[in-house]
Amino acid sequence: MYISRRRGQLSLVVVAMLLLGMTTTGFRLVSDQELEKIRSADQGPAIDPAQVFEQQLVPWATQRATPLAKVLAAIDEKGFTAACQAYGVQTSQAFPCTFWVKVAGTVKQVARGSRVGRVSIETNASRQVNLMVGPVIPGTAIRDGFPEIKYSDFSNQNSFADFADGLNQQVEQVIERHGELSAGQSLEAVGAYATWDGMDRSIDIVPVALHHQEGH
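For the sequence shown, the working numbering assigns the number 22 to the initial residue and increments by one for each residue that follows.
Here you go:
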């Protein structure tokens with residue numbers, strides 16, 4: 022009996038000390054509703070990839086785009102680092118350099134044997150050129166090549182990754198709106214070419230604008 026009472030007294034002392042600690046340290050319990058508000062505030066406002074793509078990214082990329090042949094010549098003549106500084110976007114060494122390029126040429130082949138479809142086009146560039154046409158657009162070239170959006174704009178890595186996926190979905194819509202792609206078509210495209218060293222045997226471009234070439 023004495024032991025039980027003793028334990029009860031000790032329990033009361035422990036609870037009292039915990040409550041005192043919460044008071045003196047500024048710690049307090051919060052309700053589920055308050056916790057949800059805190060989480061929502063931490064996430065910040067959501068960034069709409071569709072709005073960013075249409076209203077900001079495409080106009081910016083179209084204005085900035087450099088002919089692909091000029092970019093490749095700069096890599097060969099001046100070196101990759103100098104070419105990236107002149108024509109590319111590289112927010113940090115953790116990301117490849119993304120060149121916003123424009124190309125015009127004739128479709129040679131449409132390869133849709135996998136979900137990562139490619140359209141090879143004949144251009145005046147010195148290497149094989151492919152447009153990534155999906156239905157799955159791989160990578161994060163579009164997101165990483167747009168310097169107006171940064172990792173710090175997002176609450177966590179998952180949100181940053183989801184934003185990249187959302188931009189890639191907008192690319193898919195650009196391709197769908199263009200319609201059927203077939204050999205012999207003449208195309209003009211503006212897109213992102215992401216590379217670590219510029220030595221790729223073929224140039225894979227993620228298009229953000231795609232049109233029939235004028236006069237063809």
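Even glycine gets a Cβ: it sits at the ideal position worked out from N, Cα and C.
Check: In whole angstroms, what is the alpha-carbon distance linking serine 217 and threonine 161?; Outcome: Sequence inspection shows tryptophan at residue 217; the serine mentioned does not correspond to that position. Rounded to whole angstroms, tryptophan 217 to threonine 161 spans 13 Å at the Cα level.
Check: From glutamine 206 to threonine 127, what does the alpha carbon distance come to, in whole angstroms?; Outcome: 6 Å
Check: Put tryptophan 121 into one of helix, strand or coil per three-state DSSP.; Outcome: strand
Check: Looking at the unbroken beta strand (DSSP E) that takes in glutamate 197, where does it start and where does it end?; Outcome: First-last for glutamate 197: 178-199, but that is the alpha helix (DSSP H), not the beta strand (DSSP E).
Check: If you draw a straight line from the C-alpha of threonine 44 to the C-alpha of phenylalanine 101, how long is it?; Outcome: In this prediction, threonine 44 scores a pLDDT of 48, lower than 50, which makes its location untrustworthy; the coordinate-derived value is nonetheless stated afterwards. Between threonine 44 and phenylalanine 101, the C-alpha separation is close to 60 Å.
Check: DSSP puts isoleucine 142 in a beta bridge; with which residues?; Outcome: Val128 and Val150
Check: Grouping DSSP H, G and I as helix and E and B as strand, with all else coil, what is serine 135?; Outcome: coil
Check: I need the boundaries of the beta strand (DSSP E) containing aspartate 225, first residue and last residue.; Outcome: 223-233
Check: Indicate whether isoleucine 226 and alanine 210 have their beta-carbon atoms separated by less than 8 Å.; Outcome: yes
Check: Identify which residue in Trp121, Gln76 and Ile163 has its Cα closest to the Cα of leucine 89.; Outcome: Trp121
Check: Nearest to alanine 94 by CA position, among Asn145, Gly134 and Asn177, is which residue?; Outcome: Asn145
Check: Please classify serine 173: does DSSP put it in a helix, a strand, or coil?; Outcome: helix
Check: Can you check whether the CB of valine 110 is closer than 8 Å to the CB of glycine 187?; Outcome: no
Check: Quick one: does the C-beta of phenylalanine 116 sit closer than 7 Å to a heavy atom of the ligand FMN?; Outcome: As far as ligands go, the structure on display features none, and thus does not contain the ligand FMN.
Check: Indicate the three-state DSSP secondary structure (helix, strand or coil) for threonine 112 in the structure shown.; Outcome: coil
Check: Rounding to the nearest angstrom, what Cα-Cα distance links valine 79 and phenylalanine 184 in this structure?; Outcome: 16 Å
Check: Return the chain-ordered list of same chain residues with a C-beta closer than 6 Å to the C-beta of valine 137, the five sequence neighbours on each side being excluded.; Outcome: Val157 and Pro159
Check: Report the CB separation of glutamine 178 from isoleucine 224 in whole angstroms; it is logged as a contact under 8 Å.; Outcome: So it is not a contact: roughly 29 Å between Cβ atoms.
Check: How would you write the range of the alpha helix (DSSP H) that threonine 83 sits in, first residue to last?; Outcome: 79-85
Check: Quick one: what's got a C-beta closer than 7 Å to phenylalanine 175's C-beta in the same chain, skipping five residues either side?; Outcome: Phe181 and Phe184
Check: For histidine 199 and leucine 231, which I take to be in contact (beta-carbon distance under 8 Å), what is that distance rounded to the nearest angstrom?; Outcome: 5 Å
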